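Worksheet: one structure, shown below.
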Amino acid sequence: MVKTSKLLNGVVATAAIGDAVPFIKTTRSRKSFLANGVTTAGAGSATVLVEASNDGGLSWITVATLTLTTATTLAAGVHAGYATDAAYEMFRLRVTAIAGTNCAVNGWSAN
Numbered sequence: 484m485v486k487t488s489k490l491l492n493g494v495v496a497t498a499a500i501g502d503a504v505p506f507i508k509t510t511r512s513r514k515s516f517l518a519n520g521v522t523t524a525g526a527g528s529a530t531v532l533v534e535a536s537n538d539g540g541l542s543w544i545t546v547a548t549l550t551l552t553t554a555t556t557l558a559a560g561v562h563a564g565y566a567t568d569a570a571y572e573m574f575r576l577r578v579t580a581i582a583g584t585n586c587a588v589n590g591w592s593a594n
């Protein structure tokens, strides 16, 4: 059975590498990540990093970059995803760039 976790819930600001960001611990090697975003007017954009750690979250490395183009509806915007078989202890999604009128980013993991 696939387990999904919402890691980003309407995020409207960027986070630095040392900031507390929700993460998942996993023992499975097959994982996937999805991010999307919406604005309240016009187009926007966001960059979301998929990061991994093997030391309990003391340090993080970037394993993928998700680039989003956002719009006022999810149907008009871009969903970005990444899948991996890499066996890291922990994964997280971190917003590093965001632009657009009230742009908000959501992200999930599945394993």
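The working numbering applies: residue 484 is where the sequence shown begins, and numbers increase by one.
All C-beta atoms, glycine included, are put in the ideal place defined by N, C-alpha and C.
Just so it is clear, the structure is predicted and the values come from calculations on it, not from any experiment.
Enclosing beta strand (DSSP E) for residue i [first to last residue]
{"i": "residue 519", "result": "514 to 521"}
{"i": "residue 507", "result": "506 to 508"}
{"i": "residue 486", "result": "Taken as a continuous stretch (DSSP letters only), residue 486 belongs to no beta strand (DSSP E), as it is neither H nor E."}
{"i": "residue 544", "result": "544 to 553"}
Of the residues the options, the one placed nearest residue i, counting alpha carbons only
{"i": "residue 501", "options": "570, 572, 543 and 586", "result": "543"}
{"i": "residue 493", "options": "555, 562 and 586", "result": "586"}
Separation of residue j from residue i, as counted between CA atoms
{"i": "residue 537", "j": "residue 557", "result": "34 angstroms"}
{"i": "residue 579", "j": "residue 485", "result": "28 angstroms"}
{"i": "residue 507", "j": "residue 573", "result": "6 angstroms"}
{"i": "residue 505", "j": "residue 516", "result": "14 angstroms"}
{"i": "residue 551", "j": "residue 528", "result": "5 angstroms"}
{"i": "residue 571", "j": "residue 547", "result": "13 angstroms"}
{"i": "residue 563", "j": "residue 533", "result": "11 angstroms"}
Beta-bridge pairing of residue i - partner residues as DSSP gives them
{"i": "residue 570", "result": "Paired residues: none, contrary to the question."}
{"i": "residue 530", "result": "550 and 580"}
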